[in-house]
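Peer 1:
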Amino acid sequence: SEKGHDYEVYHSLEEIQNWMYDMNKTYSDLVHMFSIGKSYEKRPLFILRLGKTSQTYKRAVWIDCGIHAREWIGPAFCQWFVKEVVQTYNNDPVMQMFLNRLYFYIMPVLNVDGYHFSWTNDRFWRKTRSKSYRFGCNGVDANRNWNVQWCDEGASSDPCDDIYCGPFPESEPEVKAVAKFLRKRKHQIKAYLSFHAYAQMLLYPYSYKYEEIPNFSCVESAAHKAVNALYSVHGIRYRYGPASTTMYVSSGSSIDWAYKNGIPYAFAFELRDTGHYGFLLPDSLIKPTCTETMLAVKNITLHLLKKC
Amino acid sequence: HLYNNRYAGDQVIRVTPTTDEEAEVVRNINQQFKTDLWQPSSTFNIRTGTIVDMHIEKNTLQTFLAWLQQTGIQYRILIPDLQQEIEKQHGFKRGRSRR
Chain H
2 SEKGHDYEVY
12 HSLEEIQNWM
22 YDMNKTYSDL
32 VHMFSIGKSY
42 EKRPLFILRL
52 GKTSQTYKRA
62 VWIDCGIHAR
72 EWIGPAFCQW
82 FVKEVVQTYN
92 NDPVMQMFLN
102 RLYFYIMPVL
112 NVDGYHFSWT
122 NDRFWRKTRS
132 KSYRFGCNGV
142 DANRNWNVQW
152 CDEGASSDPC
162 DDIYCGPFPE
172 SEPEVKAVAK
182 FLRKRKHQIK
192 AYLSFHAYAQ
202 MLLYPYSYKY
212 EEIPNFSCVE
222 SAAHKAVNAL
232 YSVHGIRYRY
242 GPASTTMYVS
252 SGSSIDWAYK
262 NGIPYAFAFE
272 LRDTGHYGFL
282 LPDSLIKPTC
292 TETMLAVKNI
302 TLHLLKKC
Chain D
8 HLYNNRYAGD
18 QVIRVTPTTD
28 EEAEVVRNIN
38 QQFKTDLWQP
48 SSTFNIRTGT
58 IVDMHIEKNT
68 LQTFLAWLQQ
78 TGIQYRILIP
88 DLQQEIEKQH
98 GFKRGRSRR
């Protein structure tokens with residue numbers, strides 16, 4: 002049951018999906034679960050919509066985790082976020098305000114096939130699991146497959162590379178499904194947040210070029226406040242800035258696509274740590290990582306509710 | 008053992024090339040040994056000053072380290088046994104809860 006779900010350990014895909022069903026059932030006034038399509042291996046792509054149902058127009062925040070299969074702290078955070086929302090709604094006025102005024106669309110695992118593969122076969126798998134019979138290598142980098150400067154610098158046309166961009170943009174059914182969902186709601190969704198690991202960074206567009214985004218000052222201000230809030234919890238420093246200069250140039254990324262699609266705040270979090278454990282962040286560090294990240298996300302949400 | 012113990016003896020090594028020549032060497036080593044690059048996500052992104060974390064399999068480890076030592080590039084072992092870290096991440100708390 003949901004009450005027995007341990008948020009301080011990593012969970013398999015099946016456990017996460019069972020938990021989603023339970024949350025949908027237990028908190029039906031705040032949580033609504035639905036599917037936006039199927040993965041390459043025909044697994045459902047589940048989303049949780051959080052928020053008080055309203056007849057009036059509500060803006061929304063999109064959060065996805067697990068674009069890259071081996072980055073397990075991402076899905077752990079997505080679960081933590083949902084838990085915090087439902088458990089604090091009744092006694093946290095800020096959370097009440099969020100859920101009354103907004104919806105949160107949470108996709109705990111975007112790359113469901115890859116995540117399952119990383120649990121059962123190859124712990125360090127990154128890509129999707131689509132097959133390329135011609136070249137003998139499987140999978141596409143789901144963060145190089147979006148239709149924005151697709152397969153340019155920082156992506157690869159070699160199917161055997163970990164940053165393979167795919168045979169064409171949105172070739173991956175997971176990417177296509179999310180893109181279709183966001184395109185349909187482009188006027189509603191005001192923030193796109195994607196969770197990765199590891200580097201301890203908060204990144205915003207552009208990834209594919211060195212230019213400044215038009216609303217740089219608003220986005221930079223939101224990022225600055227978010228990393229300060231994050232630091233205030235456990236003293237963990239996150240760098241922040243445009244992905245192209247803070248990390249490296251990459252094309253076809255989800256944050257660039259979301260931004261190009263009209264979502265004014267598009268962020269990629271690279272969660273803990275900076276390499277001591279890397280992808281193998283111990284479960285004992287799930288709670289501090291998620292607690293500090295939660296505050297950063299709340300900050301960004303507060304920022305977008307104000308006029309900038 | 009998880010994953011049939013396939014990661015036993017594998018290591019994660021960190022190098023930070025300090026010159027363009029070292030960066031070129033590190034790119035070449037990665038391509039030659041087909042390492043599992045943890046960061047950055049591609050050899051294309053390896054430049055001077057880039058922190059490079061590589062997962063090296065046990066059966067190529069000695070050769071890889073020997074080659075790296077020959078180049079004089081400083082390196083650090085981040086994770087000396089990947090299987091141990093995987094086991095720690097996976098089940099420690101669950102085992103405790105079960106007990």
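If you read the protein sequences in the order shown, they are chains H and D. Residues in the first sequence are numbered consecutively from 2, following the working numbering. Residues in the second sequence are numbered consecutively from 8, following the working numbering. Beta carbons are placed, not taken as given, at the ideal position from N, Cα and C, and that holds for glycine. Quantities reported herein were computed from a predicted structural model and do not represent experimental measurements.
Using 8 angstroms as the threshold, is the segment 293–309 of chain H in touch with the segment 72–85 of chain H, meaning 3 or more CB pairs across them?
Peer 2: With a cut-off of 8 angstroms on Cβ pairs, the segment 293–309 of chain H is in contact with the segment 72–85 of chain H, counting three or more such pairs.
Peer 1: Taking Cβ-Cβ distances below 9 angstroms as the criterion, which residues of the segment 262–286 of chain H are in contact with chain D?
Peer 2: T275, G276, H277, Y278, G279, F280, L281, L282, P283, D284, S285
Peer 1: Taking 7 angstroms as the CB-CB limit, is E64 of chain D close to chain H?
Peer 2: By this cut-off, E64 of chain D is not an interface position.
Peer 1: Consider the Cβ of F125 of chain H: report whether some Cβ of chain D lies at a distance smaller than 7 angstroms.
Peer 2: yes
Peer 1: Closest by CA to I68 of chain H, which one among H:Y104, H:L103, H:I256?
Peer 2: H:I256
Peer 1: What first and last residue would you give for the beta strand (DSSP E) that runs through G242 of chain H?
Peer 2: 240–243 is the span of the beta strand (DSSP E), which, as asked, contains G242 of chain H.
Peer 1: According to DSSP, is F136 of chain H helix, strand or coil?
Peer 2: coil
Peer 1: What residue does the alpha helix (DSSP H) around K185 of chain H start on, and which one ends it?
Peer 2: 174–185
Peer 1: Checking 7 angstroms against the spacing of the C-beta atoms, do A224 of chain H and E271 of chain H come in under that value?
Peer 2: no
Peer 1: Below 7 angstroms on C-beta distance, what does I164 of chain H contact in chain D?
Peer 2: Per Cβ cutoff of 7 angstroms: S48, S49.
Peer 1: Short of 6 angstroms in beta carbon distance, which residues of its chain neighbour T23 of chain D, apart from the five on each side in sequence? Order them along the chain.
Peer 2: I58
Peer 1: Hey, which unbroken runs of the alpha helix (DSSP H) at 4 residues or more fall wholly within the segment 13–87 of chain D?
Peer 2: Listed in chain order, the complete alpha helix (DSSP H) runs (minimum 4 residues) inside the segment 13–87 of chain D are 27–40, 65–78.
Peer 1: Can you list, in chain order, the residues of the segment 199–225 of chain H whose Cβ is nearer than 8 angstroms to any Cβ on chain D?
Peer 2: For the segment 199–225 of chain H, the set of residues with a beta-carbon nearer than 8 angstroms to any beta-carbon of chain D comprises Y199, A200, in chain order.
Peer 1: Taking Cβ positions, are K261 of chain H and V141 of chain H nearer each other than 7 angstroms?
Peer 2: no
Peer 1: Given this structure, state the Cα-to-Cα distance separating L72 of chain D from I86 of chain D, to the nearest angstrom.
Peer 2: Approximately 14 angstroms, taken between the alpha carbons.
Peer 1: By a C-beta neighbour count over all protein chains shown, 10 Å radius and 16 as the cutoff for buried, is K88 of chain H buried or exposed?
Peer 2: The sequence shown places Gln at residue 88 of chain H, not Lys. In the assembly as shown, Q88 of chain H is an exposed residue. Its beta-carbon has fewer than 16 other beta-carbons within 10 Å.
Peer 1: Can the beta-carbon of G155 of chain H be found closer than 7 angstroms to that of S251 of chain H?
Peer 2: yes
Peer 1: Can you look up W81 of chain H in the DSSP assignment and give me helix, strand or coil?
Peer 2: helix
Peer 1: State the DSSP-derived secondary structure class of I214 of chain H, mapped to helix, strand or coil.
Peer 2: Three-state DSSP puts I214 of chain H in coil, outside helix and strand.
Peer 1: When the distance is taken between beta carbons, is P206 of chain H closer than 7 angstroms to A267 of chain H?
Peer 2: Taking C-beta atoms as the reference points, A267 of chain H and P206 of chain H count as a pair closer than 7 angstroms.
Peer 1: Mind checking if Y249 of chain H is an interface residue toward chain D, Cβ cutoff 7 angstroms exclusive?
Peer 2: yes
Peer 1: Would you mind reading off the limits of the alpha helix (DSSP H) that contains C291 of chain H?
Peer 2: 287–306
Peer 1: Using the three-state DSSP reduction, which class does W126 of chain H fall into: helix, strand or coil?
Peer 2: The DSSP-derived three-state label of W126 of chain H is coil.
Peer 1: Quick check on H8 of chain D: buried or exposed, where buried means 16 or more other Cβ atoms within 10 Å of its Cβ?
Peer 2: exposed
Peer 1: Kindly indicate the opening and closing residues of the alpha helix (DSSP H) around K191 of chain H.
Peer 2: Here K191 of chain H belongs to no alpha helix (DSSP H); instead the beta strand (DSSP E) covers 190–198.
Peer 1: Taking the alpha carbon of A198 of chain H as the reference point, which residue from H:N144, H:K39, H:S157 has its own alpha carbon closest?
Peer 2: It is H:N144 whose Cα lies nearest to the Cα of A198 of chain H.
Peer 1: Expressed to the nearest angstrom, what Euclidean distance is found between the alpha-carbon atoms of N146 of chain H and F169 of chain H?
Peer 2: Taking the straight line from one Cα to the other gives about 7 angstroms.
Peer 1: What residue range is occupied by the uninterrupted beta strand (DSSP E) comprising P109 of chain H?
Peer 2: That residue, P109 of chain H, is in no beta strand (DSSP E); it is neither H nor E in DSSP.
Peer 1: Does L85 of chain D come within less than 7 angstroms of chain H when only Cβ atoms are used?
Peer 2: yes
Peer 1: Suppose the cutoff is 8 angstroms on Cβ atoms and the five residues either side in sequence are ignored; what does the same chain contact list for W120 of chain H look like?
Peer 2: S13, L14
Peer 1: Hey, which unbroken runs of the alpha helix (DSSP H) at 4 residues or more fall wholly within the segment 221–290 of chain H?
Peer 2: If only complete runs of 4 or more residues are kept, the segment 221–290 of chain H shows the alpha helix (DSSP H) at 244–247, 255–261, in order along the chain.
Peer 1: For H62 of chain D, count the other beta carbons within 10 Å of its own beta carbon; 16 or more makes it buried, fewer makes it exposed. Which is it?
Peer 2: buried
Peer 1: From the DSSP output, in three-state form, read off F105 of chain H for me.
Peer 2: strand
Peer 1: Nearest to M24 of chain H by alpha carbon, out of H:E42, H:R50, H:V220?
Peer 2: H:R50
Peer 1: Is the CB-CB distance between C66 of chain H and P94 of chain H below 7 angstroms?
Peer 2: Not a contact, by the Cβ cut-off of 7 angstroms.
Peer 1: Identify which residue in H:W20, H:F217, H:S40 has its Cα closest to the Cα of C309 of chain H.
Peer 2: H:F217
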